[in-house]
Amino acid sequence: MYKIAVMGDMDSVLGFKALGLETCPAATPDEGREALHRMAKENYAIIYMTEQLAAQLQPEIARYKDALTPAIILIPGKEGSLGIGMANVKTAVERAVGADIL
Amino acid sequence: MPSTTINPTRQELNRLKNRLRTSIRGHKLLKDKRDELMKQFMDVVRENRALRRRVEEGLMRAHGAFTVAAALMSPEMLEQSLLYPKQSVELGMTFQNIMSVDVPQYQFHTTSQDPGEIYPYGFAQTSGELDDAVDALSRVFADMLRLAEVEKTSQLLAEEIEKTRRRVNALEYVKIPEMQSNIKYITMKLDENERSNTIRLMKVKDLILKEALEDRREATAEAIATFGGEAPQPV
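If you read the sequences in order, they're chains A and B.
All you need for the working numbering is the position in the first sequence, starting with 1, plus 10.
All you need for the working numbering is the position in the second sequence, starting with 1, plus 6.
Next up, the structure:
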């Protein structure tokens, strides 16, 4: 069985606990980095991460981008969306096609 | 002109011709692969964008309700209410093969069957907004899982397309023209050798003929000197 984790600041991830997901509150980028690497080694299939935290962990996330697991999916934190998630979709298109055609 | 030194031999020519044939075939196949990947990728990306928009909206609603709940309740109470979830999620993962790219597919099922059973707390001591927040989250959760699947797929496909595109371009614009020019160079060189060989043979033949002619002339002159008589008319 694979596991799902939610990473981000305490207030943003607390709600997911009620759904039965594992939450990993990370206040600082260093904590987040450590937790991310630990979870990537274990069998976490999906890691949801708030954009606020992800903005500070760009190189770590890029490392797992081409790996099959974990899938790191950005979600808006409680402060709202920073547009990074959408920008990533755009980057994927640019990477594949060479230009943003959508 | 060939960039590196190549041996203008027939063996090398044959080798190059074989490689060129393989390259052209490979180029065609890779091009087909790229086109098909691109087709799949466009579908996935469109779904990805729609899903992401929906998930972000849903999550913002949940966060809004959650913020209100957090304002109404003490942080300790809030944490306590959510500390022990009633349901747990089990996630299974299988792989689907899209044009030799493995993409994940998730199956999940929750341990509680009744959707009304997700609140892990008593209603007496919590605010109604918390119910809203949890409800909104559980509603958006299915979309979130699908989003994870689709987004990972699009990332993996993008990587594969990039790789394939580079290979196609390298073959089309570098390897194949290079091999063609090398083949041309070798053919020309071999033809040139052939011609120079023919000329050499002709020259040698001329030389031999001239020598033979001179020998005959000498023999004739000797015969005249020995036996006298009129010299024969020169031919």
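Here a beta-carbon is modelled for each residue, glycine too, at the ideal position from N, C-alpha and C.
### Task
Using alpha carbons as the reference points, say which of ILE167/B, PRO91/B, ALA130/B, VAL156/B lies closest to GLU104/A.
Considering only alpha carbons, the answer is ILE167/B.
### Query
Cβ atoms of ILE94/A and GLU61/A: under 9 Å apart, would you say?
yes
### Task
Please list the segments of the beta strand (DSSP E) lying wholly inside the region 31-118 of chain B, counting only runs of 3 or more residues, in order along the chain.
Within the region 31-118 of chain B, the complete beta strand (DSSP E) runs of at least 3 residues are 95-104, 107-116.
#### Entry: Contact residues within the region 18-41 of chain A, judged by C-beta distance below 8 Å to chain B
ASP21, SER22, LEU24, GLY25, PHE26, LYS27, ALA28, LEU29, GLY30, LEU31
### Task
State yes or no: is the beta carbon of THR78/A nearer than 9 Å to at least one beta carbon in chain B?
The amino acid at residue 78/A is misidentified as Thr; the sequence shows Leu. A Cβ of chain B is located within less than 9 Å of the beta carbon of LEU78/A.
### Task
Within the region 47-99 of chain A, note down every full beta strand (DSSP E) run reaching 3 residues or more, in order along the chain.
54-60, 81-85
### Task
Would you be able to state if there are at least three C-beta pairs under 8 Å between the region 79-89 of chain A and the region 123-141 of chain B?
no
### Query
Taking only beta-carbon atoms, is PHE129/B less than 9 Å away from chain D?
Looking for chain D here will not work: the only protein chains present are A and B.
#### Entry: chain B within 9 Å of MET49/A, Cβ atoms only
no
### Query
For GLU155/B, is the classification buried or exposed, using 16 other Cβ atoms within 10 angstroms of its Cβ as the cut-off for buried?
buried
### Query
Between GLN161/B and chain A, is there a C-beta pair that is closer than 9 Å?
yes
### Query
TYR127/B bridges to which residues according to DSSP?
TYR127/B pairs with nothing; no bridge assigned.
### Query
Going along the chain, which residues of the region 52-63 of chain B sit with their C-beta nearer than 9 Å to a C-beta in chain A?
ARG52, ASN54, ARG55, ARG58, ARG59, VAL61, GLU62
### Nearest candidate by alpha-carbon position, reference THR15/B, set THR232/B, GLN161/B, GLU200/B, VAL74/B
GLU200/B
### Query
Nearest chain B C-beta to ARG8/A closer than 9 Å, yes or no?
In the structure as shown, chain A starts at 11 and stops at 112, and residue 8/A therefore has no counterpart that could be examined.
### Task
Quick one: grab the DSSP three-state call for PRO183/B.
helix
### Query
What does DSSP give as the partner residues of ALA15/A in its beta bridges?
GLU32/A, ILE57/A
### Query
What's the call for ARG180/B, buried or exposed, on a 16-neighbour Cβ count within 10 Å?
At residue 180/B the sequence reads Val, which differs from the Arg that was named. When all chains shown are included, VAL180/B counts as exposed.
### Message
Going by beta-carbon coordinates alone, are HIS69/B and GLY42/A separated by less than 9 Å?
### Response
no
### Task
Select from THR38/A, LEU31/A, VAL23/A, ILE71/A the residue whose C-alpha is nearest the C-alpha of HIS115/B.
LEU31/A
### Query
Can you name, in chain order, every residue of its own chain whose Cβ lies under 6 Å from the Cβ of THR117/B, other than the five neighbours on each side?
GLN93, SER94
### Message
Taking 8 Å as the cut-off, is the beta-carbon of SER144/B closer than that to any non-hydrogen atom of the ligand NAP?
### Response
Of the ligands one can find in the structure shown there are none, so the ligand NAP has no counterpart to examine.
### Task
Output the boundary residues of the alpha helix (DSSP H) element that contains LEU177/B.
Premise fails: LEU177/B is in no alpha helix (DSSP H) and is neither H nor E.
### Query
Is the shortest distance between the beta-carbon of LEU151/B and the beta-carbons of chain A less than 9 Å?
yes
### Task
Quick one: give me the first and last residue of the alpha helix (DSSP H) that ASP21/A is part of.
Secondary structure note for ASP21/A: its alpha helix (DSSP H) is the uninterrupted segment 20-27.
### Query
To which residues of the same chain is HIS33/B closer than 8 Å at the C-beta, ignoring the five residues directly before and after it?
Around HIS33/B: VAL174, LEU177, GLU178, ILE182.
### Task
State whether the region 69-76 of chain A contacts the region 96-103 of chain B, with contact taken as three or more CB pairs (one from each stretch) at a distance under 8 Å.
Under the 8 Å Cβ criterion, the region 69-76 of chain A does not count as touching the region 96-103 of chain B, having fewer than three qualifying pairs.
#### Entry: Sequence-distant residues of the same chain with beta carbon closer than 6 Å to ARG60/B, five excluded per side
ASP149
### Task
Using a cut-off of 8 Å between C-beta atoms, extract the partners of MET59/A located in chain B.
Those within 8 Å of MET59/A in chain B number zero; the least Cβ separation is about 11 Å.
### Query
Cβ of ALA55/A less than 9 Å from any chain B Cβ?
True, the Cβ-Cβ gap to chain B drops below 9 Å.
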